[in-house]
Each structure stands twice: as structure tokens, then as C-alpha cells.
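Accompanying notes for the structure given below.
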Amino acid sequence: MRAVIAIVCSVFIAACNGESGTTEPGPVADMVLTNGNIVTVDEALPRAAALAVIGDRIAAVGSMEEIARYIGNGTHIVNLEGTTAIPGFVEGHGHYTSFGGSLMILDFRYAKSFDEIIAQVAKAAESTPAGEWIIGRGWHQDKWEVRPQPSVEGLPLHDSLSAVTPDNPAMLIHTSGHGVFVNQKAMTLVELDESSVAPEGGEIVKDENGRPTGMMRESAQDVFRNAFAAHQAQRPADVNEAEMRRKITLAGEESLRHGITSFQDLGTTFAEVDIIKTMAEEGSLPVRLYMAFEEQAADMKDRLAEYRMVGYGNNFLTVRTIGEKVLDGALGTHGGWLLEPYSDLPRSNGLNVVPIEEIEASARLAVQHDYQLAIQGIGDRAYRELLNIYEAEFARHPDKSDWRWRIEHAQVIHPDDVERTVEL
């Protein structure tokens, strides 16, 4: 590799000295990519062999000879050796700080059974002080090779989890984020029992005797997430800020590892943006962030104008979207709001999680403050309701054309609504 780079350097230095007679010296680049198949996403020049970077901007792309003029004594030269270089990927829908947080907790993505998850939790419990929460994420019942026994609707009962965590509340988050599985300690902490009624937009899964199994769907999980958040909030402010900064950094590092350089974060808070804005000012954000608020409309109405920013911190932070408020839940937890019942859960059409009135209020705020709207509509009923809301808002403002409003996921769409989507 060093020999190849040395040869390339000598060729470029000769060109910069005018020996090739084809180019004049130009501004010195900080970095030059050479000898590559560089995809530019520019129809006028779809491929290039070399690229020059000055500061944090691409200064030029072109042939080896054309880019030679940018090489100087301080230029870092990367010989691609014929490999392909592409622009960084943009994550179009993710949950940035949650992603970072998931790298700090138990990972259940590769568990082949509920028993494997219990083993992971039991090991974690050995080193977790009494009273501290045990958190994990990534499980999906359809990935298990063995159906848990006993079970309710394919989901386990909490008994085995509770047995290995007698002194710690435990919350195991579904891979979709639309449900949690908790132990007895957590249920006792929030005073949830047989008599508890699920909040609107949620479900407490119970066995045939009315006993909670531990599975909480959609908004029924909020009481546990809030309890965990309240527990964490008791720590000193600097500890919580340091943890948030670590989440932000870990999420960025993992994104960059996969070639993701920009990330659209659907579902942030004002408090998170405060920290992220500071990091943008410091120049310490690993990737560029495009963020959307998931706060309640009543809490946003007096703050959206203050927080709207585009390209802040050297184009590392943009905040101008409301979302991903979830009109319905996920299909994996039978929460997607459908026009007809689930074939594998005939008693249910899914769940309307966030009230339609809240979505309508958020839509009005988006228009008022020139924010984009990005609302989750997974099932065909949810998708149709969102079309109705968007259509009504568009009709109120016929002079506005560049809406760019989004329906997130859109996994099940009734054929009648496909044409409506095109028309809108």
C-alpha cells in the first residue's frame, strides 16, 4: 500500500510542478482520494477517479490529472486502489438517542428463545445493585425458535423473569419499541395488578385468570418508561448530561461505522435538543442531525419558533419537523391500526395510540411555524386517518404548495388510498 501511495504521490507532485503541462497549481487540499471509482450522484459527472477536500467541503472531483493540482506538502492522500467511494448514507427514519442508549443496555436481537433472554437478564442481575433497573431491547417473538411455555398469544408469562430479578425492576423492550415486557418488581413499583385498566391506546396483556402476563402494548408501557425516567432523574444533573452525551456519541460512531453520515431523528425533546445544540456549537457531533419533536402540542406551541433552526453549527443540526407522533402501533405487537381484524389475533384491529385530536393540533402548529410534519401510520386505518388530516389541512391553505409532509412506515395501505396519496 505504501509503495502504491508513494508512486501516486510522485505522479501528482510532478503534475503540480507543471511537468505534465495539463494543469496549473490550485489551492492545497487537506485530503485527496485517488485511483478510485467515486460515485458523485451528479448526472453531469456520475463517476470520477479522484476527489479533493479542503476543510469540511469537497473542493473538486475529476480525473487523476485534474485533481493533481490540489496536492501539496500537507495533503493527506488516500489511494482507493480501484475501490468504490460513495457519498455518506442518510438514515431517513431513526431514533438517534434511543439508538445510542440501546448500545448501553442488554441486547436481545440475537436471542433464539425467551430462555436465552432470561439467562442474559439473570447474569446482569448478579452485578446490578438492588433497586436499580435492568433494561434490554431487541426481542421479537417471531424470531424465537421455541414458543415459550406457558404463553398467552405467543408471549411468555413474567414468572421466569421475576424469579431471576427479585430485587430489580426489569423492562425488556420489544425490537419495535411499541411494547415492553416487565417483571413483578416493576409492576409492583407502579402499582399495576389484576384490577388495572389499560390507558387509551394501550393494552395490558392478561392470562385467562386476569393476571397481567408482563406484556404491555403501546401506551400501556408508558407508566414503566416514566418510572424508569423518574428513577434516572434522581441522579445529579451532570451525570444525566454525561450519559446523554455518551448516547449521542455512541449513536454517531455506530452510524459512521456503517457509512451513515446524516441521521433523521424522529422523536426528540426540547431537553435533548438543548444538549445536541451545545455539542453542535462545540463541533463534537459525530454526524449531521435532522430532528423532529414528539412533544405534546400544548407544550410545543410557545417553543417551536425559538427552536427552529436549519444548518446550525456548520450544517450539523437542523430542527424543523414535528414527529414521529404515533397514530397507531407496530404490526409486530399487533398495534398497527387496521380496517379489518388481524388474521392471527381476530379479537383486535390494532390500536389508535395518539388521539386524532392531538395529531390535528400538531398539524396546525406545523403550518403556523413552518415545520414539516412526519406522523406514523402503519396500518391501513391509521394511514387513511392521516390522509384525512393532511387533506383537510392542505385545503385550508391552498396557497401553500411545498408541504413535504410525511406518513412514516405506511406498511399497509388500502388500494383506494393509493390514488388519494398520489393526488395529494
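Each number in the numbering used here corresponds to the 1-based position in the sequence shown with 10 added.
For each residue, glycine too, the CB sits at the ideal point set by N, CA and C.
A quick note: this is a predicted structure, and the numbers were derived from the prediction, not measured.
Counting C-beta neighbours from all protein chains within 10 Å, is the total for residue i 16 or more, i.e. buried, or is it exposed?
i      : result
Ile417 : buried
Gln242 : exposed
Tyr381 : buried
Phe191 : buried
Ser372 : buried
Ala24  : Its pLDDT being 32, under 50, Ala24 is placed unreliably in this model, and the coordinates cannot settle the point.
Val100 : exposed
Leu194 : As written in the sequence, residue 194 is Gln, which differs from the Leu given in the question. Its Cβ being crowded by 16 or more others within 10 Å, Gln194 is buried.
Asp390 : buried
Ala281 : exposed
For residue i, which residues in the same chain have their Cβ closer than 7 angstroms to its Cβ, ignoring the five residues on either side in sequence?
i      : result
Ile115 : Ile145, Gly146 and Arg147
Ala135 : Ile144, Val174, Thr175 and Asn178
Short of 6 angstroms in beta carbon distance, which residues of its chain neighbour residue i, apart from the five on each side in sequence? Order them along the chain.
i      : result
Lys257 : Thr107, Gly110 and Gly111
Asp125 : none
Asp117 : Gly148
Ala261 : Tyr106, Phe109 and Gly110
Glu204 : Gly220 and Arg221
Asn47  : Thr94
Leaving out five residues before and five after residue i in sequence, what residues of the same chain have Cβ atoms less than 8 angstroms from its Cβ?
i      : result
Thr343 : His184, Ser186, His188, Gly189, Arg227 and Glu228
Ser206 : Ile214 and Pro222
Met41  : Ala62, Val63, Thr85, His86, Ile87 and Val88
Ile366 : Leu337, Glu395 and Ile399
Check each candidate in the options and name the one with the smallest Cα separation from residue i.
i      : options                           : result
Ala161 : Gln194, Pro246, Ala196 and Val215 : Rather than Ala, the amino acid found at residue 161 in this sequence is Ser. If we check each option's Cα against that of Ser161, Val215 comes out closest.
Val156 : Lys122, Leu182 and Asp169         : Lys122
Glu304 : Leu383, Gly389 and Ala247         : Leu383
Tyr120 : Val428, Gly92 and His150          : His150
Gln386 : Arg430, Arg313, Leu434 and Ala302 : Ala302
Pro209 : Lys195, Thr328, Asn193 and Ala230 : Ala230
Thr94  : Asn325, Val131 and Val49          : Val49
Thr271 : Ala58, Leu55 and Gly102           : Gly102
Arg57  : Ala39, Gly36, Pro37 and Pro97     : Pro97
Ala129 : Ala420, Gly141, Leu182 and Ala307 : Leu182
Ile369 : Met310, Asn325, Arg245 and Leu327 : Met310
Glu401 : Glu429, Gly389, Asn236 and Leu199 : Glu429
Val51  : Pro246, Gly345 and Val71          : Val71
Gly104 : Ser265, Asp217 and Ala281         : Ser265
Val233 : Met197, Ala315 and Val377         : Met197
> Enumerated in chain order, which unbroken segments of the alpha helix (DSSP H) with a length of 4 residues or greater are wholly contained in the stretch 271-357?
Replying inline: 280-292, 307-310, 314-317 and 322-325
> Is the stretch 75-89 close to the stretch 220-237, with three or more CB pairs under 8 angstroms?
Replying inline: no
>> Give the list of continuous alpha helix (DSSP H) stretches no shorter than 4 residues that lie fully inside the stretch 84-117.
In response: 106-112
>> Threshold first: 4 residues or longer. Then list the alpha helix (DSSP H) segments lying entirely within the stretch 239-270, N to C.
In response: 247-267
> Considering only residues of the stretch 118-195, which uninterrupted beta strand (DSSP E) runs meet the minimum length of 3 residues and lie entirely inside it, listed in chain order?
Replying inline: 144-149, 180-184 and 189-192
>> With a threshold of 8 angstroms, are at least 3 pairs of Cβ atoms found where one atom belongs to the stretch 333-340 and the other to the stretch 271-278?
In response: yes
> On the three-pair Cβ rule with 8 angstroms, is the stretch 65-75 touching the stretch 290-302?
Replying inline: no
> Mind pulling the alpha helix (DSSP H) runs of 4 or more residues that sit fully within the stretch 381-423?
Replying inline: 390-406
>> Under 8 angstroms: do the stretch 357-365 and the stretch 308-322 share three or more Cβ pairs, one atom per stretch?
In response: no
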